[in-house]
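One structure is given here, and the rest of the page talks about it.
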Amino acid sequence: EKHVYKFGVGSADGDKTLKELLGGKGANLAEMSSIGLPVPPGFTITTEACNYYSSHGSEWPKGLKEQVKKGVHFIEDIMKTNLGDSEHPLLLSVRSGAAVSMPGMMDTVLNLGLNDTSVEALASHTNNERFAYDSYRRFIDMFGNVVMGIPHEKFEHALESLKSEKGAELDTDLNKQDLKELVNRYKAVYRKATGYMFPTDPFEQLEWAINAVFKSWDSDRAIKYRQINHITGLLGTGVNVQAMVYGNMGDDCATGVCFTRNPSTGENKLYGEFLVNAQGEDVVAGIRTPKDITELKEVMPKAYNELLDWGKELEKHYGNMQDIEFTIQKGTLYILQTRNGKRTGHSAIKIATDMVAEGLIDERHAVKNLVEPNHLDQLLHPQIDADTVKEKSVIGVGLAASPGAAVGKVVFDSEKAEEAALKDDPVILVRIETSPEDVGGMSAAEGILTSRGGMTSHAAVVARGWGKPCVAGCSDIIIDYENLSFTNGKITVHEGDWISIDGARGTVIEGRKDVIKPELDENYKTFMSWVDQFRDMNVRTNADTKEDASRARDFGAEGIGLCRTEHMFFGEDRIRAIRRMIISDSFENRKDALATLLPYQKADFKEIFKSMDNLPVTIRLLDPPLHEFLPEEKEDIEIVAKELGIKPSVFAQKVRSLREFNPMLGHRGCRLGITYPEITQMQTRAILEAAIELKNEGYTLFPEIMIPLVGTPQEFRSQKLVIDRTAKDVFEELGDSIDYKVGTMIEIPRAALVAGQIAKDAEFFSFGTNDLTQMTFGYSRDDAGKFLGEYLKEGILQEDPFQVLDTEGVGQLVEMATKKGREQKPALKVGICGEHGGEPHSVTFCYQQGLNYVSCSPFRVPVARLAAAQAAL
Ligand code: ADP
Ligand code: MG
Ligand code: MG
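Heads up: take any position in the sequence shown, counting from 1, add 22, and you land on our numbering.
Quick look at the structure:
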């Protein structure tokens with residue numbers, strides 16, 4: 023069995039398609055080697071071998087040892103020198119790398135192969151004793167730390183005390199004699215910490231290092247990282263063993279990292295940094311401040327131009343912007359790593375459109391690979407001008423929980439936030455964590471900052487739902503509710519002070535920063551036009567107001583998939599009418615009360631229809647339990663009773679009688695329409711009268727009436743009957759008619775099970791996946807926050823099912839209902855209108871199930887468009 027894949031200049035056993043087997047780093051090293059890039063030769067041990075090691079009590083699979091030896095010989099042949107050679111020793115780097123990039127995995131060991139003899143050989147061969155001993159002490163440090171788990175500080179400590187003994191300020195002030203002494207002290211640290219002598223046999227060193235990489239796959243921090251990031255299904259990590267090249271041989275040497283284009287602006291220009299006379303880890307460790315890559319052009323023009331050329335070559339080859347690691351040895355450039363570079367939403371769009379214009383990629387490739395749906399999320403929200411933010415004004419960094427920038431004065435409780443909002447005072451609500459009690463304040467605030475909680479904490483979930491900026495779990499700050507302040511230890515912020523938060527980056531910034539309004543530039547428009555070219559599933563929006571509807575239309579919505587009517591009942595005069603309806607004891611009184619609501623509803627529908635001229639609009643009939651329209655507190659009950667002109671005690675009794683133990687499963691949805699058909703009649707009338715009037719004004723409308731919370735075909739039929747009869751009446755009265763459809767939400771598991779029967783009468787289905795998830799899992803949406811966090815942390819759930827559609831369980835119901843529905847009625851229109859309609863993974867699933875459309879909140883419309891296009895490609 024093949025456990026080892028070799029790569030050398032001009033050829034390789036593997037290629038970039040073998041990420042699963044070789045890890046991302048290994049696969050790309052192979053790819054780069056075969057297309058002729060200057061990559062030091064080496065080999066990759068497969069992730070399968072790592073998997074074997076984990077599952078066989080730390081044993082190597084048969085043949086691995088021989089293959090590793092052969093691999094080393096392969097490197098030796100190319101480098102024309104041997105591991106442990108007494109004249110010109112070969113040194114190796116040992117690097118981990120799984121299919122998915124994973125910080126938390128093992129760090130790299132450089133300079134492997136050094137011992138007391140080979141260090142002398144290295145010194146005389148390179149005629150650079152200082153370099154040789156510097157490499158040796160780095161190796162003992164790295165090997166000790168990475169392989170044996172000795173805290174790096176112990177070595178650092180030894181270094182510091184030697185430096186102070188010698189009066190040296192910088193590491194580079196130590197002379198070669200000092201470095202020799204340092205090596206001895208490092209060996210002593212090693213011996214003291216492990217009880218062993220530092221291993222001298224290079225092959226033994228290599229075996230140890232390989233084992234350490236294997237083991238790191240199962241380390242606590244790697245397991246944790248995979249859990250948190252939902253990385254599953256990988257075999258293990260690859261191990262890359264590679265000839266060393268030296269960036270620390272002198273001032274004609276360097277090491278660095280760069281992007282082929284600017285990752286935050288997208289500008290087509292190398293972007294990165296480098297250090298002269300240094301090895302890889304120095305750049306990250308921040309011992310010296312690296313230089314801007316443009317300066318490399320002056321110091322090492324030849325290497326710089328090569329880097330530029332190879333960068334272009336790699337871009338062309340991968341069809342993507344690259345993130346490159348390189349080392350320059352005595353003026354010669356070596357490439358040590360490449361991968362697709364991470365970037366901001368703005369630059370993603372620019373890079374995609376630029377690369378198409380430059381002829382490097384085609385439109386299809388750009389849509390499929392260069393922009394992630396979540397990039398668009400960033401693009402559509404206001405952002406803080408990053409250039410204006412000074413590092414020292416950053417108070418803390420938390421989770422980028424909900425994109426967008428917000429600027430306001432700090433308040434620590436919801437009531438104050440609400441008060442401030444009434445005065446049009448912008449505030450940021452700062453809480454240790456939030457709970458449903460805070461929603462008033464959260465909604466009033468410009469943005470939300472919490473010091474505790476994750477991406478699915480209450481604050482994060484609610485804020486995302488509203489498109490409101492939120493930084494969650496910012497543990498850099500400590501909040502003191504008593505003194506109304508918070509601090510990061512240096513900066514203390516008091517109630518009323520201005521702060522700015524950037525929900526796309528997770529940063530909390532002191533003071534009042536400038537906000538850049540989202541600007542959907544030409545590049546964006548061009549890119550989205552390509553997106554729509556490849557998309558065949560429709561994207562609609564969930565909108566209850568004409569403002570939301572027209573914004574969504576600007577974002578590309580192709581109709582409304584869910585217009586909730588209950589929000590229309592909350593305005594001043596309307597709430598009184600609906601309350602009158604609720605307390606009415608007789609049918610006649612109820613009808614009267616509803617009659618006063620009719621013109622309001624009709625006017626609302628007209629506005630919404632107008633903004634969706636030529637597009638379908640799905641209107642859902644009244645859904646929530648009636649008590650949601652009634653006051654709860656005693657004082658409020660008295661006020662409302664007075665308004666309604668009834669005795670407070672009678673009203674209080676009515677309120678009590680409407681209270682339910684489990685309102686989510688109570689008297690709501692079509693159950694209301696069945697017990698009070700006059701509600702359905704009024705709403706149907708409002709919809710159809712509005713539609714006909716507009717039709718006569720020249721609009722083209724496609725009204726769709728949606729019955730909520732259906733669980734049996736009989737429920738559906740009974741409501742449809744009411745709707746159709748009302749329609750007939752309206753049409754006769756007006757002497758005019760309009761086409762309309764009647765369909766249902768599928769949000770109760772039973773409805774999915776009997777979907778075939780429901781489809782006999784229904785003209786469309788729309789999956790209400792919020793309720794469907796709630797009822798399938800039996801998790802109350804309003805209470806799940808209490809345990810979901812723990813579930814996610816423990817890996818009991820991989821994702822929050824209210825955010826990402828549970829394709830395994832809830833998805834089966836979606837699949838079944840779609841299939842049964844279409845068997846009954848092939849032309850059945852099927853869509854989804856839950857939160858999931860704008861979540862990329864869920865959109866992909868909906869596409870695979872053959873849904874006609876997804877419907878989501880306005881800001882997610884572009885996200886859904888891209889996700890739908892990518893699903894189709
Ligand atoms: P990471 O995955 O953390 O980036 P790498 O395996 O890429 O770890 O190694 C980190 C750095 O170590 C590289 O960027 C490079 O500077 C240095 N390095 C790795 N292999 C070699 C090598 N063969 N020669 C010289 N430097 C190397
Ligand atoms: Mg790297
Ligand atoms: Mg519902």
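In this text, a Cβ means the ideal position worked out from N, Cα and C, and glycines have one as well.
Is residue i buried or exposed, if buried means 16 or more other CB atoms sit within 10 Å of its CB?
i, result
"Gly-48", "buried"
"Ala-300", "buried"
"Lys-324", "exposed"
"Phe-631", "buried"
"Tyr-218", "exposed"
"Asn-874", "buried"
"Phe-161", "buried"
"Ser-864", "buried"
"Ala-388", "buried"
"Met-621", "It is worth fixing the name first, because residue 621 is Pro in this sequence and not Met. Classification of Pro-621: exposed, given that the 10 Å Cβ count is below 16."
"Arg-681", "exposed"
"Phe-609", "exposed"
"Thr-254", "exposed"
"Val-885", "buried"
"Val-672", "exposed"
"Asp-502", "exposed"
Using CA coordinates, which residue listed in the options is at the minimum distance from residue i?
i, options, result
"Asn-505", "Gly-463, Met-464 and Val-432", "Val-432"
"His-403", "Gln-199, Val-94 and Phe-577", "Phe-577"
"Lys-414", "Arg-361, Asn-510, Ala-894 and Ala-374", "Asn-510"
"Gly-593", "Ile-729, Leu-619, Ser-572 and Ile-605", "Leu-619"
"Phe-65", "Thr-222, Gly-58, Ile-604 and Gly-36", "Gly-36"
"Glu-629", "Ser-140, Ser-572, Val-449 and Val-378", "Ser-572"
"Gly-288", "Thr-366, Glu-226 and Ser-241", "Thr-366"
"Met-559", "Lys-624, Gln-870 and Cys-496", "Gln-870"
"Thr-216", "Ile-172, Thr-798 and His-689", "Ile-172"
"Leu-297", "Thr-722, Gly-278 and Ile-729", "Gly-278"
"Gln-555", "Glu-98, Leu-144, Asp-384 and Gly-135", "Asp-384"
"Glu-317", "Ala-276, Pro-823, Phe-591 and Arg-474", "Ala-276"
"Asn-233", "Glu-459, Pro-735, Met-343 and Asp-129", "Asp-129"
"Thr-529", "Gly-93, Gly-420, His-339 and Phe-591", "Gly-420"
"Lys-750", "Gly-462, Lys-209, Thr-706 and Asp-822", "Thr-706"
"Leu-184", "Asn-167, Val-169, Asn-206 and Thr-640", "Asn-206"
"Ile-661", "Glu-650, Ala-674 and Thr-702", "Ala-674"
"Met-266", "Thr-282, Ala-190 and Tyr-356", "Tyr-356"
Taking 6 Å as the cut-off, is the CB of residue i close to at least one heavy atom of ligand 1?
i, result
"Pro-224", "no"
"Gln-264", "yes"
"Gly-135", "no"
"Thr-148", "no"
"Pro-63", "no"
"Arg-642", "no"
"Val-267", "yes"
"Arg-117", "yes"
"Gly-363", "no"
"Gly-353", "no"
"Thr-103", "no"
"Thr-722", "no"
"Ala-32", "The residue asked about is misnamed: residue 32 is Gly in this sequence, not Ala. It does not: the Cβ of Gly-32 is nowhere closer than 6 Å to a heavy atom of ligand 1."
"Gly-333", "no"
"Thr-259", "no"
"Gly-48", "no"
"Thr-130", "yes"
"Thr-349", "yes"
"Gly-302", "yes"
"Thr-277", "yes"
With a cut-off of 8 Å on the beta carbons, I'd call residue i and residue j a contact; round off their distance for me.
i, j, result
"Val-561", "Glu-580", "6 Å"
"Gly-469", "Ala-428", "3 Å"
"Met-322", "Ile-350", "6 Å"
"Glu-175", "Pro-83", "The pair is not a contact, with the Cβ atoms about 36 Å apart (cut-off 8 Å)."
"Ala-599", "Ala-625", "Their Cβ separation, rounded to whole angstroms, is 13 Å, which puts Ala-599 and Ala-625 out of contact at 8 Å."
Pocket of ligand 2 defined by Cβ to heavy atom distance under 6 Å: Glu-347 and Gln-359
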